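Student:
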Amino acid sequence: MDNDLSRRGFLSQTLTGLSAAWMSAHWPAMLSAATHARQAAQSTALPKFEFFSSEQAAEIDAISARIIPTTDTPGAHEAGVIFFIDRALATFAKVDQKTYAAGLPELQARTHEMFPGTQKFSAASPEQQDQILQSLDAQSAAATGGRRSRRGAAAQSFFETVRVHTVMGFLIDPDSDKRGNLDAVGWKVIGREPEHMFQPPFGFYDKDYPGWQPNPPDAEKNKS
Amino acid sequence: MTLDQPKYKTTDEVDFVIIGSGAAGGILAKELSGNGFRVVVLEQGPYLTEKDFVHDEIKVLNQDLLTNHPELQPTTFRKTPQDKAKPQRALVYGRLVGGTSTHFTANFWRFHEIDFIERSKVGPIPGATLSDWPITYADLEPYYTKVEWEIGVSGLAGASPFDPPRSKPYPMPPLPVKSSGVIFERAARKMGWHPFPAPMAILSQPRPGRSACVNCGFCLGFGCEVGAKSSSLATAIRMAEKTGRCEIRPNSYVHRIELDANGRATGAVYFDAQRNVQRQKAKAVVVCANGAETPRLLLLSANKQFPEGLANSSGFVGKNLMLNSGGVTTAVFEEPLNDYKGFAVSRILHDFYELDPDKVGFHGGGGLDARFDMTPISFALGSLPPGTPRWGKAFKEGLSHNFTRTCEIFGHGTSLPVENNSFSLDPDLKDAWGLPALRLTYKDHPDDLKLSAWLNARSAELLDAAGAKKMWAPPVQEQQFAVHLLGTCRMGTDPKTSVINSDHQTHDVKNLFLCDGSSLVTSGRGQPTMTIEALAFRAADRITALAKLGDLPA
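Just so you know, the sequences run in chain order A and B.
Residue numbers for the first sequence follow our numbering, beginning at 30 and rising by one.
Residue numbers for the second sequence follow our numbering, beginning at 31 and rising by one.
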């Protein structure tokens with residue numbers, strides 16, 4: 030019932046301002062987008078942790094909040110990255126559980142070492158946290174040779190693992206079942222509109238495009 | 031999956047068993063079943079449909095929802111036959127009904143006349159096994175037109191002065207221009223080049239049961255949830271099913287083709303979803319498993335008569351692999367392009383299709399396209415300017431500024447065929463079914479590397495003329511990862527130097543046909559799928575004619 034209502038609401042909202050011809054040409058997409066919207070609507074309750082204790086979660090949340098900090102726009106914390114990572118470790122990224130289990134005590138040890146008297150990473154100041162992470166990152170950059178991958182290959186070190194997971198949790202399709210990118214805040218930060226369908230003009234350079242004009246005649250077209 | 035699908039028994043001797051349901055297999059299934067034959071298509075991957083095509087980058091890209099999985103089917107790589115191959119991911123292809131066509135970029139360039147007769151025109155090239163095709167562009171032209179009209183390609187005829195002749199315009203206009211396309215078009219004209227709207231296998235207008243492209247922005251690497259991408263899944267497979275004579279059988283991993291005492295293929299042996307061994311009987315076998323899995327299957331099917339691999343009397347099965355050369359130059363502009371909206375490519379140029387070796391100092395040619403094919407996570411992990419901090423405030427600012435302002439120029443070019451470049455069976459590594467893993471051996475011909483660098487230099491000139499604020503390109507390197515899988519069972523008239531004849535019939539086994547990227551004799555200039563599909567339409571005509579002449583065993 031709720032599903033039907035939200036889908037209908039979505040469709041009537043989408044209809045506003047769109048021609049009937051465009052609608053009929055694109056109706057399968059409308060249905061698909063409606064499904065996306067419905068899934069999003071069902072996942073509004075704040076989830077519980079499946080893998081982390083709340084103390085561990087606070088530490089990881091603090092790390093991810095330095096990887097993508099809150100500035101004048103939302104960061105990893107507001108995007109709910111910690112909930113994404115928690116579910117990832119309980120589901121598709123079980124292989125990384127060991128990395129977190131070993132990394133958290135190391136993080137604490139590094140925090141004590143660099144800032145005696147500070148009990149936990151999350152209790153350090155943002156500047157101190159950055160220094161701690163820089164020391165971990167120097168290690169991980171050396172371990173991975175600074176390699177980057179389009180497919181986001183499995184990271185090796187603790188810091189690099191948290192970094193990749195933070196980016197994923199910030200920018201994952203918010204309509205997926207993975208709990209990240211709450212309210213599409215990550216997409217908003219990078220300028221991606223949350224819709225899954227668009228019409229031209231798309232950007233600054235095509236908005237005044239006059240339409241295709243043939244290439245001027247050119248006797249030298251075979252030059253190379 | 032329609033209700034019209036028949037369900038054949040494995041003991042029913044159907045007319046054709048087709049192995050693979052991708053760009054070629056889908057079209058052969060449609061054509062042969064449409065011509066009245068009873069067809070079973072064995073596809074190793076699952077039967078997914080539009081509802082499964084989500085935009086979850088982790089599920090689709092990282093977890094290989096649509097593609098071969100490196101844990102189930104591990105691979106190895108080495109540069110030369112003298113090296114010991116090391117385990118590493120060596121290729122990606124679509125492993126589902128529709129094959130790689132379900133998730134490709136959909137650049138649909140026809141080959142030009144030169145691609146079929148290059149050897150005659152340029153003479154021998156040291157280190158390359160370059161050869162003419164046994165067919166010409168003119169032979170294939172009607173089939174290119176068939177692909178455009180029956181499968182659905184958008185484009186603008188006559189827009190490029192370099193285009194080969196065509197018998198009909200495109201069935202629908204080009205897709206809308208993107209900001210990257212406008213930037214590319216203006217800058218290319220400043221350079222005196224001839225940009226034009228990209229021919230794309232994506233609908234700009236709806237067709238029955240399929241939506242026009244809605245510009246969702248999850249295109250390369252993703253399945254199309256509205257059926258706008260002209261994959262075999264959205265087109266030929268559905269048409270084949272409607273004939274009532276074609277069964278698509280997913281989760282069927284073929285690992286052997288068996289022969290009878292007379293040297294005729296009797297069908298295909300495969301693992302079903304429960305990994306039980308099944309044998310589908312057929313009067314003739316058509317392998318469309320792609321340029322890696324087709325030669326692998328022939329090598330796995332070695333027997334007493336063919337100890338070096340089925341239909342491999344030439345020794346060319348798996349050899350002469352061509353991956354296509356090229357490079358990527360990424361650029362950032364002042365204003366937002368929002369190129370994440372839409373399909374990948376809207377403008378290309380072919381001014382460099384035929385370069386003069388005396389002027390440039392190497393053999394080959396290519397084209398350029400303007401695109402943005404990154405989705406948010408892959409962008410953030412791999413596409414910020416070199417030197418951008420990997421985390422923190424500056425990282426976040428980099429993402430915020432660049433995601434909407436970035437585009438890429440791709441160079442696409444020739445790969446010369448080199449005999450040692452190959453897919454073969456790894457002697458040590460096995461897949462999850464206990465079968466020998468694929469081993470990639472590849473070292474680019476030196477001319478291919480020079481061409482890639484040359485195309486990158488043109489991309490940089492173009493971006494400079496376009497006023498890019500920043501640009502960068504990774505240095506040209508020898509390839510060790512395969513996407514385009516071409517030339518490994520090449521077509522030819524001489525059984526000593528080719529695997530199939532111009533009817534796609536193997537020289538050695540009369541009722542065994544091969545059609546996919548492996549059939550290609552040359553690599554074109556980087557966009558092979560259009561040619562693979564045209565070959566499939568033509569192969570279906572040739573095979574049907576042979577069957578009607580009684581040249582196939584009854």
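All C-beta atoms, glycine included, are put in the ideal place defined by N, C-alpha and C.
Since the structure is predicted, the reported quantities are computational estimates derived from the model, not experimental observations.
Within 10 angstroms of the Cβ of LEU102/B, are there 16 or more other Cβ atoms? Answer buried if so, exposed if not.
Tutor: For the purposes of this step, residue 102/B is taken as residue 72 along the second sequence, with counting starting at 1. Classification for LEU102/B: exposed.
Student: So is PRO191/B in contact with chain A if we call contact Cβ pairs under 8 Å?
Tutor: Against the second sequence, residue 191/B aligns to sequence position 161. Chain A, which has a Cβ nearer than 8 Å to the Cβ of PRO191/B, makes this yes.
Student: Is there at least one Cβ from chain B nearer than 8 Å to GLY220/A's Cβ?
Tutor: Residue mapping note: residue 220/A aligns to position 191 of the first sequence, counting from 1. It does; some Cβ of chain B falls within 8 Å.
Student: State the Cα-Cα distance for the pair ASP399/B and PHE113/A, rounded to the nearest angstrom.
Tutor: Taking the second sequence and counting its residues from 1, one reaches residue 399/B at position 369. Taking the first sequence and counting its residues from 1, one reaches residue 113/A at position 84. So the alpha carbons of these two residues sit roughly 36 Å apart.
Student: Which same chain residues, not among the five before or five after LEU582/B, have their C-beta less than 7 Å away from its C-beta?
Tutor: Position 552 of the second sequence, counted from the start, is the residue given in the question as residue 582/B. Here the set comprises LYS313, ALA314, ASN541, LEU576.
Student: Residues of chain B with CB under 7 Å from HIS225/A, in chain order?
Tutor: Indexing the first sequence from 1 puts residue 225/A at position 196. Under the 7 Å cutoff, chain B gives HIS85, CYS246.
Student: In this structure, does DSSP put TYR238/A in helix, strand or coil?
Tutor: What you label residue 238/A is simply residue 209 of the first sequence in a count that begins at 1. In this structure, TYR238/A counts as coil in the three-state DSSP scheme.
Student: Given this structure, state the Cα-to-Cα distance separating ASP202/A from GLN74/B, to the nearest angstrom.
Tutor: What you label residue 202/A is simply residue 173 of the first sequence in a count that begins at 1. What you label residue 74/B is simply residue 44 of the second sequence in a count that begins at 1. Each residue's alpha carbon lies about 29 Å from the other.
Student: Return no unless some Cβ of chain B is closer than 8 Å to the Cβ of TYR13/A.
Tutor: Since the first residue shown for chain A is 30 and the last is 253, residue 13/A is missing from the structure and cannot be characterised.
Student: Count the C-beta pairs between the stretch 510-527 of chain B and the stretch 135-155 of chain B that are closer than 8 Å, then say yes if the count reaches three, no if not.
Tutor: They do not touch, by the three-pair rule.
Student: Starting from VAL44/B, follow its DSSP beta bridges and name the residues at the other end.
Tutor: Counting from 1 along the second sequence, the entry for residue 44/B is found at position 14. DSSP lists ALA312/B as partners of VAL44/B.
Student: What does ASN368/B touch in chain A if you count any residue whose Cβ is under 7 Å from its own?
Tutor: Translated into the one-based positions of the second sequence, residue 368/B becomes position 338. By Cβ distance, chain A contributes PHE231, GLY232.
Student: What residue from ILE407/B, ASP533/B, LEU96/B, PHE214/B has the CA that sits closest to GLU438/B's CA?
Tutor: Position 408 of the second sequence, counted from the first residue, corresponds to residue 438/B. Taking only the C-alpha atoms, the option nearest GLU438/B is PHE214/B.
Student: If contacts are defined as beta-carbon pairs under 8 Å, then LYS208/B and VAL362/B qualify, I think. What distance do you get, rounded to the angstrom?
Tutor: As a first step, residue 208/B must be located in the second sequence, where it is residue number 178. As a first step, residue 362/B must be located in the second sequence, where it is residue number 332. Actually they are not in contact, since the Cβ atoms of LYS208/B and VAL362/B sit about 16 Å apart, beyond 8 Å.
Student: For the stretch 137-160 of chain A, which residues have a CB atom closer than 8 Å to at least one CB atom of chain B, in sequence order?
Tutor: Here the close residues are ASP159.
Student: Which residues in the same chain as ARG309/B place their Cβ atom closer than 7 Å to its Cβ, once the five residues preceding and following it in sequence are excluded?
Tutor: Taking the second sequence and counting its residues from 1, one reaches residue 309/B at position 279. The answer, listed in chain order, is THR40, GLY297, VAL299.
Student: Roughly how many angstroms separate the alpha carbons of GLU288/B and SER331/B, rounded to a whole number?
Tutor: For the purposes of this step, residue 288/B is identified with residue 258 of the second sequence, where counting begins at 1. For the purposes of this step, residue 331/B is identified with residue 301 of the second sequence, where counting begins at 1. Roughly 7 Å between the two C-alpha positions.
Student: Anyone know if the C-beta pair for PRO98/A and VAL214/A falls short of 8 Å?
Tutor: Within the first sequence, residue 98/A is the residue found at index 69, counting from 1. Within the first sequence, residue 214/A is the residue found at index 185, counting from 1. Taking 8 Å as the Cβ cut-off, PRO98/A and VAL214/A do not qualify as a contacting pair.
Student: Take the Cβ of VAL124/A as the centre, count every other Cβ of all protein chains shown within 10 Å, and call the residue buried at 16 or more, exposed below.
Tutor: For the purposes of this step, residue 124/A is identified with residue 95 of the first sequence, where counting begins at 1. Label assigned to VAL124/A: exposed.
Student: Just verifying my parser: in three-state terms, what is the DSSP assignment at PHE167/A?
Tutor: Position 138 of the first sequence, counted from the first residue, corresponds to residue 167/A. Residue 167/A is actually Ala in this sequence, not Phe. ALA167/A: helix per DSSP, three-state reduction.
Student: Just reading off the beta strand (DSSP E) that THR626/B is part of, what are its end residues?
Tutor: No answer is possible for residue 626/B: it lies beyond the span of chain B, which begins at 31 and ends at 584.
Student: Distance cutoff 8 Å, beta carbons only. Does LYS207/A sit that close to anything in chain B?
Tutor: Taking the first sequence and counting its residues from 1, the one referred to as residue 207/A is at position 178. By this cut-off, LYS207/A is an interface position.
Student: Going along the chain, which residues of the stretch 394-412 of chain B sit with their C-beta nearer than 9 Å to a C-beta in chain A?
Tutor: Within the stretch 394-412 of chain B, the qualifying residues are GLY395, MET404, THR405, PRO406, ILE407, SER408, PHE409, ALA410, LEU411, GLY412.
Student: Are any of the Cβ atoms in chain B nearer than 8 Å to that of TRP241/A?
Tutor: Taking the first residue of the first sequence as position 1, residue 241/A is located at position 212. Judged by the 8 Å Cβ criterion, TRP241/A is in contact with chain B.
Student: Hey, would you say PHE373/B sits closer than 8 Å to MET230/B, going by beta carbons?
Tutor: Residue mapping note: residue 373/B aligns to position 343 of the second sequence, counting from 1. Residue mapping note: residue 230/B aligns to position 200 of the second sequence, counting from 1. For PHE373/B and MET230/B, yes; Cβs fall inside 8 Å.
Student: If we ignore side chains and look at the alpha-carbon of each, how far apart do LEU200/A and VAL212/B end up?
Tutor: For the purposes of this step, residue 200/A is identified with residue 171 of the first sequence, where counting begins at 1. For the purposes of this step, residue 212/B is identified with residue 182 of the second sequence, where counting begins at 1. If you take the alpha carbons of LEU200/A and VAL212/B, they lie about 28 Å apart.
Student: To which residues of the same chain is GLY339/B closer than 6 Å at the C-beta, ignoring the five residues directly before and after it?
Tutor: Residue mapping note: residue 339/B aligns to position 309 of the second sequence, counting from 1. Counting only Cβ-Cβ distances below 6 Å, and skipping sequence neighbours, we find LEU328, LEU329, ALA332, VAL347.
Student: Tell me the residue span of the alpha helix (DSSP H) that contains ASP477/B.
Tutor: Numbered from its first residue, the second sequence carries residue 477/B at position 447. 476-495 is the span of the alpha helix (DSSP H), which, as asked, contains ASP477/B.
Student: Whose C-alpha, out of ARG108/B, LEU126/B, LYS89/B, is nearest the C-alpha of ASN98/B?
Tutor: Counting from one through the second sequence, the residue named residue 98/B turns up at place 68. Nearest C-alpha to ASN98/B: LEU126/B.
Student: Do you know whose CA, among LYS480/B, THR324/B, LEU385/B, VAL47/B, lies nearest LYS151/B's CA?
Tutor: Position 121 of the second sequence, counted from the start, is the residue given in the question as residue 151/B. The option with the nearest alpha carbon to LYS151/B is LEU385/B.
Student: Could you tell me whether the Cβ atoms of PHE121/A and ILE88/B are closer together than 8 Å?
Tutor: For the purposes of this step, residue 121/A is identified with residue 92 of the first sequence, where counting begins at 1. For the purposes of this step, residue 88/B is identified with residue 58 of the second sequence, where counting begins at 1. Their beta carbons are under 8 Å apart, which means PHE121/A touches ILE88/B by this criterion.
Student: Quick check: the stretch 348-360 of chain B against the stretch 552-559 of chain B, are at least 3 beta-carbon pairs closer than 8 Å?
Tutor: Touching, per the Cβ criterion.
Student: From what residue to what residue does the alpha helix (DSSP H) around TYR173/B run?
Tutor: Looking up residue 173/B in the second sequence gives position 143. Per DSSP, TYR173/B belongs to the alpha helix (DSSP H) from 167-176.
Student: Tell me, please, whether the CB atom of GLN228/A is closer than 8 Å to any CB atom in chain B?
Tutor: The residue you call residue 228/A lines up with position 199 of the first sequence. Output row for GLN228/A: interface = yes.
Student: Strictly below 8 Å CB to CB, what residues from chain A border GLN93/B?
Tutor: For the purposes of this step, residue 93/B is identified with residue 63 of the second sequence, where counting begins at 1. PHE121, listed in chain order.
Student: Run down chain A in chain order and give the residues with a C-beta less than 7 Å from the C-beta of ARG420/B.
Tutor: Within the second sequence, residue 420/B is the residue found at index 390, counting from 1. Neighbours of ARG420/B on chain A, chain order: ARG192.
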